[in-house]
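**Student:** With numbering that gives the first Met the number 0 as the guide, the letters of the sequence shown map in order to residues 0 to 87. A virtual CB, placed ideally from N, CA and C, is assigned to each residue, including glycine. Computed from a predicted structure; not experimentally measured.
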Amino acid sequence: MDEAMLDGNAVAGLLQDVFAVETTTTIATCAGCGAPSPMGATQVYRGAGFVLRCPRCEQAMVTLVPADGRLWIGFPGIRTLQVPVDDS
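1) According to DSSP, simplified to helix, strand and coil, what is Q58?
2) Roughly how many angstroms separate the alpha carbons of V50 and C56, rounded to a whole number?
3) Check this for me: beta carbons of G76 and A34, under 8 Å apart or not?
4) Below 8 Å on the Cβ atoms is my contact criterion, and I expect T41 with D6 to pass it. Report the Cβ-Cβ distance as a whole number of Å.
5) Assign R91 to buried or exposed, taking buried as 16 or more other Cβ atoms, counted over all protein chains shown, within 10 Å of its Cβ.
6) When we look at the beta-carbon of L14 and count the other beta-carbons within 10 Å, is it buried (16 or more) or exposed?
7) Please list the terminal residues of the continuous beta strand (DSSP E) segment that includes G46.
Here is the structure:
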């Protein structure tokens, strides 16, 4: 395993600051290969920010860059994102 690679649980805190749901179990469908996977199963690479890659084809699915009190989020490789909602 690459020393710079973690799993999607490594950025759960950052994502939970933005989304009001548990993000590690949210299902993202890769725009590259079409595989659905929990966000917690993505491969996370850290550099100037974070890149979450598909565990099947390594397509960059999400980019996160925390800077200057903001979080810049890109979804270049997500076809769909299944977010659980409370039906009540």
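**Tutor:** Walking through what the data contain:
1) Coil, per DSSP.
2) 14 Å
3) no
4) Rounded, the Cβ-Cβ distance is 7 Å, consistent with contact.
5) Residue 91 is absent from the structure shown; the chain starts at 0 and stops at 87.
6) buried
7) For G46, there is no enclosing beta strand (DSSP E), since its DSSP letter is neither H nor E.
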